[in-house]
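**Student:** Sequence lines, in order, name chains A and B.
Numbering-wise, the numbering used here puts 344 at position 344 of the first sequence, and it's gapless, one number per residue.
If you want the numbering used here, it's the position in the second sequence, counting the first as 1, plus 420.
Virtual Cβ for every residue (Gly too), placed ideally from N, Cα, C.
Note that the coordinates shown come from a computational prediction; the quantities given were computed from them, not determined experimentally.
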Amino acid sequence: MSDDPPLPGPLAGLRILELANETGQFCGKLLGDLGADVVKIEPPGGEPNRRIGPFLDDIPHPERSLSFWYYNTSKRGITLNPETADGRQLFGRLAATSDVILETFRPGVLASLGLDYESLSAKNPRLIMCALTPFGQTGPWRDYASSDLLHMAAGGEMASSGYDGGDAPNAPPIAPGGGNAWHMGCHFAYVAIMAALIYRTVAGQGQYIDASIHEACALTTEAAIANYIYRGEVLRRQTGRHHASGPTPRTQFRAKDGAYVCALVAGRLNPKYVRDLAELLDTNGMAGDLKDPKYQDPAVIAANTSHIIDDLVANFIASLPAEEVYHAAQERGFTWGAVRTPEALLDDPHLHDRGFWKEVEHPEFGRSFIYPGEAAIYNSSPWRISRRAPLIGEHNTEILCDELGLSRAELSVLAENRVI
Amino acid sequence: MSRPRALENIRVVDFSWVRAGPWATRWLGAFGAEIIKIEWPENERGRLPSTTTPQNLEVNLNTSGNFNDTNVNKKSLSLNVRSAKGLEIVKRLIAVSDIVIENFSSRVLQKWGLGYRELCEIKPDIVYVSMSGYGHTGRHHHYTTFGPVAQAVSGLTYSSGLPDKPPAGWGWSYMDDTGGMYGAMCALTGLYHRNMTGQGQHIDLSQMVASVPLNGPALLDFTVNGRGSRRPGYPPGNRAHWPGTPLVNNYRGPTVAPHNAYRTHPGEYNDWCVIVCHTDEEWQRLVQVMGAPSWASSPKFATAIGRLQHQEELDEHVETWSMTFGKYELTERCQAAGVRALPVQSAEDRVKHDPQLRHREMYLEMEHPALGRHKVQNAPFKLSETPASNHLPSPLIGQHTKEIVEGLLGYSHEELRAGFDDGTFWPTKRARFPYMEEMLQ
């Protein structure tokens with residue numbers, strides 16, 4: 001990490017307390033990677049999501065969860081049990097000097113411990129508290145249990161994703177992978193927290209935020225809601241392409257190496273596009289009859305859409321490896337792409353040019369590992385991973401003794417009493 | 421609306437179009453920033469082509485339903501920025517603004533003479549967010565994306581589907597929605613930094629690059645353990661694990677069964693419910709909800725490993741039961757017993773049938789001058805002091821040209837009329853909308 005410019009991140013100076021499980025930890029990572037001092041507060045023994053695999057070398061252990069590692073970079077970590085009187089008191093002291101609390105407890109839990117926003121903000125009116133929960137703090141589903149898959153169902157992601165009947169007969173709606181329900185909730189929570197922080201720079205006052213993952217997911221299906229509201233349409237699922245009210249031409253084609261290419265052609269076919277397309281296909285001798293002047297007539301193009309897409313484009317893509325099609329097409333101005341595996345990105349020279357991949361040290365293993373980096377480059381306050389995820393209670397001494405003023409003896413007593 | 425707004429007095433010059441950029445500024449507008457969309461009808465993308473115009477209305481620049489939902493809380497200035505006069509006007513606007521945001525290809529603003537350096541000369545502490553496909557730096561900065569292409573190239577598409585089938589991918593431009601969220605996140609973060617330090621900056625966001633970190637655990641499984649995702653049983657559809665393949669985590673949470681979508685009564689296109697049991701205890705609760713059928717008492721389903729090994733049989737049994745209920749009734753029965761279950765919901769389900777979204781007032785009606793009264797999507801967060809709200813319908817194209825040119829920038833009414841006559845504010849050969857004639861009175 002020595003190459004990083006010595007500039008602080010845009011959120012430098014902010015102290016965040018994160019009491020978040022798998023649903024909210026990504027929001028804390030974003031705040032931390034952007035420069036805030038994020039203190040992750042885990043129950044004694046560590047967050048249960050430290051037990052989510054995969055694990056380093058496939059050896060299960062709470063300090064070896066790659067999922068936990070990824071979602072908890074740039075945070076410091078302490079353990080604290082807010083259900084004990086000592087834990088509540090310590091939490092209150094931390095909250096008094098913090099800017100933001102991000103919490104994912106079930107609705108009502110913090111209030112039952114006397115740690116609701118009213119109590120905490122009475123001592124720190126500048127405090128911002130964001131409760132990020134599956135359904136928000138109110139409503140008939142407020143106490144429902146959830147999971148990533150459940151949110152992808154109720155949020156509408158699954159109703160839009162899946163297969164053409166011919167590709168996978170009787171296939172269910174398919175939930176896209178990777179834990180993206182949590183990402184959607186965390187993106188919106190981040191936006192709400194930033195709005196509150198900006199307001200605080202002007203008004204000097206904090207506030208409470210009630211954020212809902214279900215609503216975040218329900219908002220993230222592009223035009224599906226508008227199609228229903230304005231036209232009463234319910235959209236159908238199609239393989240590897242947009243939902244639609246009726247069947248649309250395919251956009252995913254198998255290349256010579258078995259990988260797929262996403263080629264957006266339908267709806268763009270005008271005479272100029274066809275001329276450019278003929279040249280692209282001709283680079284591998286696959287233009288077929290597309291150079292025929294008859295294709296400069298929009299009516300002829302329209303009558304031959306299926307021939308152009310299902311014969312000419314499909315055969316061209318089948319004649320080359322997916323990466324070659326991708327670059328040849330993009331260099332000629334076509335908005336096409338290879339359908340890559342995530343790990344193929346490690347070899348992407350563009351990402352290397354942007355310094356995207358980051359080496360993160362894990363000194364307790366004497367090793368460094370490559371992590372994905374930032375979505376955007378900030379030219380005067382960098383977005384960067386400042387440290388690997390904390391070990392369980394790694395910063396108990398640093399934060400509770402050095403910063404909060406407890407003695408080492410008190411810390412020992414708190415450990416013995418399962419407070420930390 | 422007497423409540424204060426989080427972004428009161430913040431002005432945004434919004435060059436963005438189509439979906440990702442406008443989705444970003446929608447949220448800045450919801451917090452009270454003044455969003456000024458710079459539009460030009462000859463090369464407009466977002467209003468047309470429209471597939472969301474109500475069947476009873478003519479398709480034109482002002483009747484796209486999706487545009488309306490994506491562009492609430494904004495104003496529209498129609499301006500030919502490619503003319504010298506238009507460029508001068510937009511520079512005067514930037515001089516009194518806080519944020520410039522655009523989602524053009526990587527060199528467009530530079531070519532107009534509005535690169536970051538020039539923007540700083542106009543407004544030294546400007547926060548400039550560029551939302552391009554590949555970013556402004558890196559050898560492929562000139563490549564272009566739409567959501568599906570960013571999703572394909574970044575590995576997101578690959579991570580969705582059934583084993584041994586083509587990728588199912590995402591059935592919409594997830595990275596237009598999510599790219600838009602990153603645009604909003606970057607703008608707000610840059611604005612906070614400016615308020616604290618007095619310093620603006622250029623934030624170079626890439627839609628494709630922003631997609632990559634969304635596969636974090638899969639990427640670490642490769643960089644740390646050397647395990648690639650081109651492997652048997654991946655991606656496992658809706659399951660946590662595909663039976664008969666190596667038992668590894670598939671990046672959606674714990675490796676458990678049941679974990680799937682099940683058909684429900686009456687078996688129509690979207691009649692599905694998902695059910696997930698994370699523990700033995702949750703499984704036993706599901707057994708009780710199902711009425712403790714004899715098959716469920718088999719020892720092979722008693723353990724987590726057993727349920728994973730016999731997942732095909734397990735799923736068949738669960739679906740035989742689930743088919744006897746509607747998806748909402750099934751959800752209620754399961755959740756009342758502490759079992760994780762929710763219905764697959766179409767857009768119609770969300771707008772009409774979802775009791776939680778109704779309670780939270782997710783869809784409230786709003787009047788639009790050309791579209792009439794329709795529901796608009798609200799924010800997924802409730803702020804106690806500065807709530808986000810939809811307070812303006814999407815603008816008609818050029819609706820606020822007079823307000824901005826005369827009211828904000830101080831040009832005279834004669835200059836406005838001259839600008840309409842010379843093609844600065846509207847193409848001379850294009851018919852004007854009636855509200856344009858009115859503003860020229």
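Listing by chain order, which chain A residues have their CB less than 8 Å from the CB of residue 494 of chain B?
**Tutor:** Those do not exist, as residue 494 of chain B stays about 16 Å from chain A at its closest Cβ, beyond 8 Å.
**Student:** Using a C-beta to C-beta distance shorter than 7 Å, which residues of chain B count as neighbours of residue 413 of chain A?
**Tutor:** Residues of chain B passing the Cβ test: none, with the nearest at roughly 34 Å.
**Student:** Please state the DSSP three-state secondary structure of residue 422 of chain A.
**Tutor:** Coverage of chain A is limited to positions 1 through 420, which leaves residue 422 of chain A absent and any answer about it impossible.
**Student:** Are any of the Cβ atoms in chain B nearer than 8 Å to that of residue 167 of chain A?
**Tutor:** Yes, its Cβ sits closer than 8 Å to a Cβ of chain B.
**Student:** How about residue 39 of chain A and residue 74 of chain A: do their beta carbons lie closer than 8 Å?
**Tutor:** For residue 39 of chain A and residue 74 of chain A, no; Cβs fall outside 8 Å.
**Student:** Pick out whichever of A:119, A:161 and A:340 has its Cα sitting closest to the Cα of residue 240 of chain A.
**Tutor:** Of A:119, A:161 and A:340, the residue nearest in Cα terms is A:161.
**Student:** According to the neighbour-count rule (16 or more other Cβ atoms, all chains shown, within 10 Å of its Cβ), is residue 72 of chain A buried or exposed?
**Tutor:** So residue 72 of chain A ends up on the buried side.
**Student:** Is the distance from the Cβ of residue 344 of chain A to the Cβ of residue 575 of chain B below 8 Å?
**Tutor:** Against a cut-off of 8 Å, the Cβ pair of residue 575 of chain B and residue 344 of chain A comes out as a contact.
**Student:** Between residue 771 of chain B and residue 784 of chain B, is the Cβ-Cβ spacing less than 8 Å?
**Tutor:** No.
**Student:** Quick one, which residues of the stretch 632 to 644 of chain B are near chain A if we go by CB-CB under 7 Å, in chain order?
**Tutor:** Taking 7 Å as the Cβ-Cβ cut-off against chain A, the residues of the stretch 632 to 644 of chain B that qualify are 632, 633, 634, 635, 636, 637, 638, 639, 640, 641, 642, 643 and 644.
**Student:** Name the DSSP beta bridge partners of residue 763 of chain B, please?
**Tutor:** Residue 763 of chain B pairs with B:693.
**Student:** Alpha carbon to alpha carbon, how far is residue 198 of chain A from residue 607 of chain B?
**Tutor:** Using only the alpha carbons, I get a separation of about 11 Å.
**Student:** Roughly how many whole angstroms lie between the Cα atoms of residue 1 of chain A and residue 636 of chain B?
**Tutor:** A caution first: residue 1 of chain A carries a pLDDT of 45, below 50, which makes its placement in the model too unreliable to give a value.
**Student:** For residue 516 of chain B, I'd like the list of residues in its chain whose CB is within less than 6 Å of its CB, leaving aside the five on either flank, ordered along the chain.
**Tutor:** Result list for residue 516 of chain B: empty, nothing under 6 Å.
**Student:** Using the C-alpha atoms, what's the distance from residue 226 of chain A back to residue 482 of chain B?
**Tutor:** Looking at the two C-alpha atoms, the distance is approximately 15 Å.
**Student:** Look up residue 756 of chain B in the DSSP assignment and give the residues it is bridged to.
**Tutor:** Note: residue 756 of chain B sits in no beta bridge, so no partner.
**Student:** Could you check how far apart the C-beta atoms of residue 532 of chain B and residue 507 of chain B are, in whole angstroms? I think they sit under 8 Å.
**Tutor:** About 7 Å separates the two Cβ atoms, so the contact holds.
**Student:** Residue 811 of chain B to residue 595 of chain B, Cα distance in whole Å?
**Tutor:** Between residue 811 of chain B and residue 595 of chain B, the C-alpha separation is close to 26 Å.
**Student:** Helix, strand or coil for residue 210 of chain A per DSSP?
**Tutor:** Three-state DSSP puts residue 210 of chain A in a strand.
**Student:** Taking 7 Å as the limit between beta carbons, can you name the residues of its chain near residue 767 of chain B, skipping five residues before and five after?
**Tutor:** Answer for residue 767 of chain B: no residue qualifies.
**Student:** Tell me, please, which residues DSSP counts as bridged to residue 238 of chain A.
**Tutor:** DSSP output for residue 238 of chain A lists A:241 as bridge partner(s).
**Student:** Residue 582 of chain B to residue 691 of chain B, Cα distance in whole Å?
**Tutor:** Straight-line Cα distance between these residues: approximately 20 Å.
**Student:** Quick one: does residue 855 of chain B have its CB under 8 Å from some CB of chain A?
**Tutor:** Closer than 8 Å: no.
**Student:** Count the CB pairs spanning the stretch 96 to 103 of chain A and the stretch 121 to 141 of chain A that are closer than 8 Å, and state whether there are at least three.
**Tutor:** Yes: at least three Cβ pairs fall under 8 Å.
**Student:** If contact is defined by three or more beta carbon pairs under 8 Å, each pair taking one atom from either stretch, is the stretch 754 to 768 of chain B in contact with the stretch 144 to 155 of chain A?
**Tutor:** Judged by Cβ distances under 8 Å, the stretch 144 to 155 of chain A makes contact with the stretch 754 to 768 of chain B, as three or more pairs qualify.
**Student:** Determine the burial state of residue 291 of chain A: buried for a count of at least 16 other Cβ atoms within 10 Å of its Cβ, exposed for fewer.
**Tutor:** Exposed, since its Cβ has fewer than 16 Cβ neighbours within 10 Å.
**Student:** Rounded to whole angstroms, what's the CA-CA distance from residue 526 of chain B to residue 666 of chain B? Just pull it up for me.
**Tutor:** In a straight line, the C-alpha of residue 526 of chain B is about 43 Å away from that of residue 666 of chain B.
**Student:** Looking at the secondary structure, which residues open and close the beta strand (DSSP E) in which residue 619 of chain B lies?
**Tutor:** Segment: none, residue 619 of chain B is in no beta strand (DSSP E) and carries neither H nor E.
**Student:** Distance, Cα to Cα, residue 373 of chain B vs residue 570 of chain B?
**Tutor:** Look at the range of chain B in this structure, 421 to 861, and you will see that residue 373 of chain B is not part of it.
**Student:** By how many angstroms is the C-alpha of residue 186 of chain A removed from the C-alpha of residue 12 of chain A?
**Tutor:** About 20 Å.
**Student:** Out of B:669, B:645 and B:489, state which residue places its alpha-carbon closest to the alpha-carbon of residue 367 of chain B.
**Tutor:** In the structure displayed, chain B extends from 421 to 861; residue 367 of chain B sits before or after that span and is not available.
**Student:** Residues of chain B with CB closer than 9 Å to the CB of residue 345 of chain A, please, in chain order.
**Tutor:** Correct list: 573, 574, 575, 632, 635 and 639.
**Student:** Let me see if you follow: with CB-CB separation under 8 Å, is residue 341 of chain A close to chain B or not?
**Tutor:** Interface residue, yes.
**Student:** DSSP state of residue 839 of chain B, grouped into three classes?
**Tutor:** If DSSP states are grouped into helix, strand and coil, residue 839 of chain B belongs with the helices.
**Student:** State yes or no: is the beta carbon of residue 118 of chain A nearer than 8 Å to at least one beta carbon in chain B?
**Tutor:** No, residue 118 of chain A does not count as interfacial toward chain B.
**Student:** DSSP beta-bridge partners for residue 131 of chain A?
**Tutor:** Note: residue 131 of chain A sits in a beta bridge opposite A:103 and A:210.
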